[in-house]
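By our numbering, the letter at position 87 of the sequence shown is numbered 1117, and the numbering carries on one by one without gaps.
For glycine and all other residues, C-beta sits at the position ideal for the given N, C-alpha and C.
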Amino acid sequence: MDPAEWRLELATPDHSIAEFTYPQVLQMPRETLSMDVHCVTGWSRRNTKFQGFMLREFLAHHEIEIPLTCAFVRFLAYSARGHDTSIPLAMALDEAWLIHSQDGFPLPHAHGFPLRVVVPSRYFYKSLKWVKRIEFLEEDRLGFWERTTGYHNEADPWKEQRLDATRFSSREECESFKQLPNFDAYRHIDGDPRVIVRANFSAWDPQTRDLSGLHLKSCDFSHANFKGVNFQHANLTFGNFKGADLTGADFFGADLEGCDFSGAILDDTRLERNFLSAARFFKRTRVAGETDGLKSWAGLKVTHPDGLLEDQEAYLKSLGVLV
């Protein structure tokens, strides 16, 4: 994003209120926000220092009047997928920041340059990157991650509000799902996939090998038989694949953040263009000096991973599978 072309718009859904250039934004008095960042995938970054200003100070400085009927704020991003998120207006005025720098330097593009939102008390998916528009709403609207992947709309890390989606009410309901001959009905519900969370799929041997595009989050896949399964573009975040047989499985474009693959068989498995933040291919055991890694990895290729932790990247490099 060229800062010379970037604009920040304040608006309601019906009309624009004001528009600002990057130099105008930088004219605001600069303050430092020190906070612990909590990502929904499980990692935290302590004592992170951001520079910017509070949203309420920006609105007051420019004498922006919010319509009295508005109760929510929606942040929209410059992004190909149209990322957005929302929070209550009271929360936005109490704690939301507009951030342009981190540790004294302009934000890297990957972290939201030229301007991002930071909401300190929420999981970080509420802190929108590349912000282009701030809308004041009368009624709430679910954001990108909330409506497409089932992330919780309130996102309080102290309450562990990670997911808000369908849970099976009984073992029989879960077993019926596992025996389905196809999952087309779960791929598109009113334009969005249906999100299943916290299901017990251990030792599952699906009738179909096409599980592409499914959203099965925080599920137990341990010791499942997933030989040759197509997981392309599935969302399997926080999945437990410990001991699963993933021989020949295709994970192209799948979201695997927070997944545990320790003890799994990944022979000839395709891991390409995956989100892998907080994913684990090995983990340290309680016995000093011992680790629990992959059971088998012949022919495994990991290409263009996004977000690998440093120790996991080093482990995959030691196996010779990181292309």
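Asked	Found
DSSP-derived helix/strand/coil call for M1065	strand
When R1171, E1095, R1075, E1087 are compared against L1106, the one with the closest alpha-carbon	R1171
Whole-angstrom distance between E1184 and R1152, CA atom to CA atom	8 Å
Classification of P1223 by the beta-carbon crowding that lies within 10 angstroms, buried from 16 upward	buried
Short Cβ contact (9 Å threshold) for A1279 with F1305	no
Simplified DSSP assignment, three categories, for P1053	helix
R1075: first and last residue of the uninterrupted alpha helix (DSSP H) it sits in	It is not in any alpha helix (DSSP H) - R1075 instead sits in the beta strand (DSSP E) that spans 1074-1084.
Own chain residues within Cβ distance below 8 Å of E1049, not counting five before or after	R1037, L1038, E1039, L1040
The stretch 1053-1061 contacting the stretch 1166-1182, beta-carbon criterion three pairs below 8 Å	no
Beta carbon of T1078 nearer than 9 Å to that of S1064	yes
Where the beta strand (DSSP E) through K1331 begins and ends	1331-1333
F1135 classed as buried or exposed, judged by whether at least 16 other C-beta atoms fall within 10 angstroms	exposed
Closest residue to R1217 among E1061, D1240, S1200, F1231 (Cα-Cα distance)	D1240
Environment of T1333 [buried if 16+ CB atoms lie within 10 Å]	exposed
CA-to-CA distance, P1033 to K1355, given in whole angstroms	The structure shown does not extend to residue 1355, since the chain spans only 1031 to 1353, so no value can be given for it.
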